[in-house]
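If you read the protein sequences in the order shown, they are chains P and Y. For the record, in the first sequence the residue sitting at position 49 is 170 according to my numbering, with numbers rising by one throughout. For the record, in the second sequence the residue sitting at position 172 is 198 according to my numbering, with numbers rising by one throughout. C-beta: ideal position from N, C-alpha, C; glycine also. Single-structure report; data block below.
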Amino acid sequence: MSAVALRRAEIREARVVTPEGVPLQFEIAPAGSRLYAFTIDFLILAAVVFVFAVGVVLSGMYIGGWALAAMTVLWFLLMNFWFIYFEVSWHGRTVGKRMARIRVIDSKGGELTAAAVFARNFMREIELWLPMKVILFGSAIYGDLPGWAMPLCVLWAIVLVLIPAFNRDRLRLGDMVGGTLVVRDPKTRLLPDLVDDAKRREEYQPTYRFTREQLDIYGIYELQVLEDLLRQGVKAEKSSLEIVAQKIASKIKWRSPSRQVDTRTFLDDFYRAQRVRLEKKALFGDRQEFKRGYEE
Amino acid sequence: MGTGFVLKSYEFRREREKIWRRLEKLVLRVESSGIKSLSARELEELPQLYRATLSSLSVARSISLDRNVVEFLEALTQRAYFCVYGTKSRLSTAIIDFFVHLFPGMMWRYRRELVLSMAVVFAGTMVGYRTVRQDEGRFYSFVDRSLAQERGPQSSREELLSVLYDEGDRDGEELAIFSASLFNHNAGIGILAFALGFLAGVPTVLLLFQNGLMLGAFWALHANRGISYDLWGWLLIHGVTEILAIMVCGAAGFIIARALIFPGRFTRIENLAIEGRRAGVIVLGAVFMFCLAGFIEGVLRQVVTSPLLRYGFAAASAVAWIWYFAFRGRWSQAKIEGQR
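So this is what it looks like as structure tokens:
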């Protein structure tokens with residue numbers, strides 16, 4: 122259970138208030154996803170640029186200067202507007218971001234404007250293209266570079282790449298200038314309610330019963346851990362279900378009415394009774410988040 | 027316990043689930059094939075379903091302990107939120123709005139930055155001019171050899187004049203390539219001037235100043251041979267637009283710098299986000315200006331070889347830009363402010 126708690130603490134969230142005034146929690150895209158998305162976009166861009174470069178050379182040889190000139194302009198547009206085009210027309214997503222399931226949003230909760238997208242992507246010029254150009258083709262473009270230029274550029278690139286690691290919302294320079302956030306693309310399926318199995322209608326009578334005192338021991342957190350376990354359905358290992366059932370029974374001092382206890386039925390009934398109890402208490406303003414005595 | 031089985035959250039879900047499912051279906055379609063795939067009725071339905079689901083989420087957060095329901099509603103409202111508040115992705119309307127209102131309005135708003143940017147380029151030009159006028163040997167410390175096209179202190183008056191007027195003899199295609207690569211180079215510098223504003227604007231000043239030096243050096247080279255009149259005709263026909271575009275990018279850099287140094291009543295990061303977007307709009311406008319300048323340089327300058335006509339065109343484009351930024355811009359800015 123501590124592993125679960127740990128994992129939850131590491132997820133970074135950003136609160137965005139919609140124009141309707143309801144706060145939505147977005148999960149900040151983890152560094153790995155962003156790197157993955159960027160790598161894919163970059164590889165695609167590099168491939169397209171390579172095809173273009175071949176096209177420029179060929180058209181220069183066979184079609185003539187006009188084609189070459191047009192290609193040069195197109196090249197510029199490609200390098201600068203590739204990300205912009207996709208982020209504007211795909212609601213803040215590029216090919217890579219789509220695959221990594223992340224997207225760009227407005228950090229204030231409003232509409233993601235084209236202006237924001239332009240600003241965040243033009244910053245790439247100093248974040249990436251400039252240091253990259255110097256490191257890769259420095260002497261070819263700028264002639265005789267002083268000796269300290271190369272390490273300076275490497276340092277420059279490293280600092281700018283690391284900026285997102287040093288702020289809470291994982292903003293890169295372009296995000297700061299554009300006022301944007303990169304968040305994980307939300308996707309959760311609505312599963313059937315656990316108390317809504319086909320065989321369990323409203324007239325359902327539980328096999329196992331619990332007293333109010335027994336139901337006052339656990340809190341919401343434990344209820345939802347149990348929910349996760351039960352939702353695994355058949356996949357959940359029989360043994361782990363049994364261990365949990367035994368733990369619960371001993372914790373709440375529950376005595377079995379019969380010798381044979383069906384684990385699954387016991388857990389289902391307990392889940393249902395516990396949820397009824399906790400929801401009722403929450404309705405009266407007493408939200409019990411954790412089990413009794415958890416604070417100590 | 028147990029007999030009186032009332033689970034409020036269960037009832038709640040049963041009542042609302044249809045709405046959620048319907049919204050999910052619409053959102054899924056928008057996500058996979060765009061907002062245009064919705065019919066007029068569905069388009070009307072979408073925000074209504076979104077608001078209903080948003081209120082479901084508020085209720086679910088307070089009464090339901092079924093985590094899957096809450097998480098599902100959170101994810102669904104987020105996805106619907108993107109559909110409702112994502113970029114209004116009609117690129118064509120955005121582009122028209124951009125040229126008619128946004129770009130000139132922003133330029134009027136930031137006219138002070140533009141004037142500053144002009145002053146820096148002008149100062150660079152004067153320094154470059156005076157230095158090279160006195161000592162032509164300094165020409166190459168200001169001008170990149172690839173941009174000089176073999177012009178320099180060693181060139182004679184006739185050689186320089188032939189570059190200014192006899193380009194028509196050169197291959198038209200060759201010139202097209204040259205102006206396209208100049209566009210690449212200039213627009214790149216423009217974007218750089220904007221992005222470098224992030225370092226408190228110091229590199230932006232240097233970049234503008236350096237461009238001024240180059241201009242001044244060329245001027246001096248021709249002035250020493252008594253042909254500055256011809257040079258300016260050759261330069262200004264597209265230079266009015268091109269040099270202005272560089273200044274515009276410099277202004278965008280200064281906007282970023284000012285947002286960082288003097289954040290005003292917002293925090294630095296908030297202010298940067300507000301001003302950065304506006305500056306980004308300006309840079310986009312400048313890229314189009316560079317494009318226009320490249321066209322004038324590559325095509326029009328080859329056709330128009332009389333210096334008088336060149337000056338005439340330069341003056342006309344200057345008037346056009348002044349009208350666009352000052353009059354049109356002022357009007358748009360007033361309109362944008364009025365909407366708030």
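**Study point:** Simplified DSSP assignment, three categories, for P/Phe147
**Key:** In this structure, P/Phe147 counts as strand in the three-state DSSP scheme.
**Study point:** Cβ separation of Y/Tyr191 and Y/Ala277, assumed to be a contact under 8 Å, to the nearest whole Å
**Key:** That pair is no contact at about 34 Å.
Review point. Is P/Leu251 helix, strand or coil by DSSP?
Key: DSSP places P/Leu251 in helix when its eight states are reduced to three.
Check your understanding: If you measure beta-carbon to beta-carbon, which residues of the stretch 228 to 253 of chain P are closer than 9 Å to chain Y?
Key -> Within the stretch 228 to 253 of chain P, the residues whose Cβ lies closer than 9 Å to some Cβ of chain Y are Ser228, Lys229, Gly230, Gly231, Glu232, Leu233, Thr234, Ala235, Ala236, Ala237, Val238, Phe239, Ala240, Arg241, Asn242, Phe243, Met244, Arg245, Glu246, Ile247, Glu248, Trp250, Leu251, listed in chain order.
Exercise for review: Using the Cα positions of Y/Arg87 and P/Ala167, report the straight-line distance between them to the nearest angstrom.
Suggested key: Spanning the two alpha carbons is a distance of roughly 46 Å.
Check your understanding: Mind checking Y/Tyr111: buried by the 16 CB within 10 Å criterion, or exposed?
Key -> It is buried - the Cβ of Y/Tyr111 has at least 16 other Cβ atoms within 10 Å.
Point to revise | Y/Val274 to Y/Val147 span [Cα, whole Å] | key: Using only the alpha carbons, I get a separation of about 11 Å.
Review point. Interface residues of chain P around Y/Asp92 at Cβ under 8 Å?
Key: Residues of chain P passing the Cβ test: Asp314, Leu315, Glu348, Arg396.
Review point. Taking only runs of the alpha helix (DSSP H) that begin and end inside the stretch 135 to 164 of chain Y, which ones reach a length of at least 4 residues, in chain order?
Key: Fully enclosed alpha helix (DSSP H) runs of 4 or longer: 137 to 160.
**Study point:** Closest residue to P/Ser381 among P/Tyr342, P/Thr328, P/Leu276, P/Ile284 (Cα-Cα distance)
**Key:** It should be pointed out that residue 381 of chain P corresponds to Gln in this sequence rather than to Ser. The residue with the shortest Cα to Cα distance from P/Gln381 is P/Thr328.
Exercise for review: State the CB to CB distance for the pair Y/Arg40 and Y/Ser82, rounded to an integer number of angstroms; the pair is presumed to be in contact (CB under 8 Å).
Suggested key: Contact between Y/Arg40 and Y/Ser82 does not hold, since the beta-carbon distance rounds to 12 Å and is not under 8 Å.
Review point. According to the Cβ coordinates, are P/Gly295 and P/Ala237 closer than 7 Å?
Key: No, Cβ-Cβ distance for P/Gly295 and P/Ala237 is not below 7 Å.
**Study point:** Straight-line Cα distance separating P/Thr215 from P/Lys368
**Key:** Approximately 48 Å between the Cα atoms of the pair.
Check your understanding: Who are the near neighbours of P/Tyr342 in its chain, counting only those whose CB is closer than 8 Å to its CB and skipping five residues on each side?
Key -> Cβ contact annotation for P/Tyr342 (same chain, cutoff 8 Å, sequence separation greater than five): Glu410, Phe411, Lys412, in chain order.
Practice item. Within its chain, find whatever has a CB closer than 8 Å to the CB of Y/Arg327; leave out the 5 residues flanking it on each side and keep chain order. Key: Leaving aside the five residues that flank Y/Arg327 on each side, the residues in its chain whose CB is nearer than 8 Å to its CB run, in chain order, Glu193, Trp260, Ile263, His264, Arg336.
Check your understanding: Can a CB atom of chain Y be found closer than 7 Å to the CB of P/Leu145?
Key -> Look at P/Leu145: its C-beta is under 7 Å from a C-beta on chain Y.
Exercise for review: Enumerate, from N- to C-terminal direction, the unbroken beta strand (DSSP E) stretches of 3 or more residues contained entirely within the stretch 160 to 244 of chain Y.
Suggested key: List check, beta strand (DSSP E) in window: nothing returned.
**Study point:** Cut-off 6 Å between Cβ atoms - residues of its own chain near P/Leu362, not counting five sequence neighbours on either side
**Key:** Cβ within range, chain order: Thr384.
Check your understanding: Comparing the C-beta of Y/Ser358 with each C-beta of chain P, is any distance below 7 Å?
Key -> Chain P contact via Cβ: absent.
Exercise for review: Using a Cβ-Cβ cut-off of 7 Å, state whether P/Gly217 counts as contacting chain Y.
Suggested key: Interface with chain Y (7 Å Cβ-Cβ cutoff): P/Gly217 is excluded.
Review point. With distances taken between CB atoms, is the gap from Y/Gly223 to Y/Ala283 smaller than 7 Å?
Key: In terms of Cβ geometry, Y/Gly223 and Y/Ala283 form a close pair [threshold 7 Å].
Check your understanding: What is the DSSP secondary structure of Y/Phe321, counted as helix, strand or coil?
Key -> Assigned with DSSP and collapsed to three states, Y/Phe321 falls in helix.
Point to revise | Opposing strand residues paired with P/Glu134 [DSSP bridges] | key: DSSP lists P/Glu148 as partners of P/Glu134.
Check your understanding: For Y/Phe321, which option in Y/Ala219, Y/Leu49, Y/Glu50, Y/Leu201 has the closest C-alpha, if you only look at C-alpha atoms?
Key -> Y/Leu201 is the residue among Y/Ala219, Y/Leu49, Y/Glu50, Y/Leu201 whose C-alpha sits nearest the C-alpha of Y/Phe321.
Check your understanding: Applying a beta-carbon distance threshold of less than 8 Å, which residues of chain Y neighbour P/Met297?
Key -> Taking a Cβ-Cβ cut-off of 8 Å, the neighbours of P/Met297 in chain Y comprise Ile295, Leu298, Ala299, Gly302, given in sequence order.
**Study point:** For P/Glu141, the nearest candidate out of Y/Pro73, Y/Ser207, Y/Leu91 (CA to CA)
**Key:** Closest option to P/Glu141, Cα to Cα, is Y/Pro73.
Review point. So is Y/Arg138 buried or exposed if we call it buried at 16+ other beta carbons inside 10 Å?
Key: Under this definition Y/Arg138 is an exposed residue.
**Study point:** For Y/Ala249, the nearest candidate out of Y/Ala360, Y/Trp46, Y/Thr157, Y/Val95 (CA to CA)
**Key:** A check of alpha carbon separations from Y/Ala249 across Y/Ala360, Y/Trp46, Y/Thr157, Y/Val95 identifies Y/Thr157 as the nearest.
Check your understanding: When Cβ atoms are compared, which residues of the stretch 96 to 113 of chain Y fall closer than 7 Å to chain P?
Key -> Those residues of the stretch 96 to 113 of chain Y that come within reach of chain P (Cβ to Cβ, closer than 7 Å) are Glu97, Phe98, Glu100, Ala101, Thr103, Gln104, Arg105, Tyr107, Phe108, Tyr111, Gly112, Thr113.
Review point. What do you reckon, are the CB atoms on P/Phe243 and Y/Phe220 nearer than 7 Å?
Key: For the pair P/Phe243 and Y/Phe220, the CB atoms are nearer than the 7 Å cut-off.
Review point. Under a CB-based cut-off of 7 Å, is P/Trp187 close to chain Y?
Key: Yes, because at least one Cβ of chain Y sits closer than 7 Å to the Cβ of P/Trp187.
Check your understanding: With respect to 6 Å, is the separation between the Cβ of Y/Gln180 and the closest non-hydrogen atom of the ligand PLP below this value?
Key -> This structure simply doesn't include the ligand PLP, nor any ligand for that matter.
Practice item. Give the residues of chain Y in contact with P/Gln345, contact being defined as C-beta atoms less than 8 Å apart. Key: From the beta-carbon of P/Gln345, the residues of chain Y found nearer than 8 Å are Leu91, Arg93.
**Study point:** Residues of the stretch 172 to 184 of chain P with Cβ closer than 7 Å to any Cβ of chain Y, in chain order
**Key:** Residues: none.
**Study point:** Beta-carbon proximity of Y/Met132 to Y/Val313, cut-off 7 Å
**Key:** Result no, Cβ atoms of Y/Met132 and Y/Val313 do not sit closer than 7 Å.
Review point. Which residues share a DSSP beta bridge with P/Asp227?
Key: As a beta-bridge residue in DSSP terms, P/Asp227 pairs with P/Thr301.
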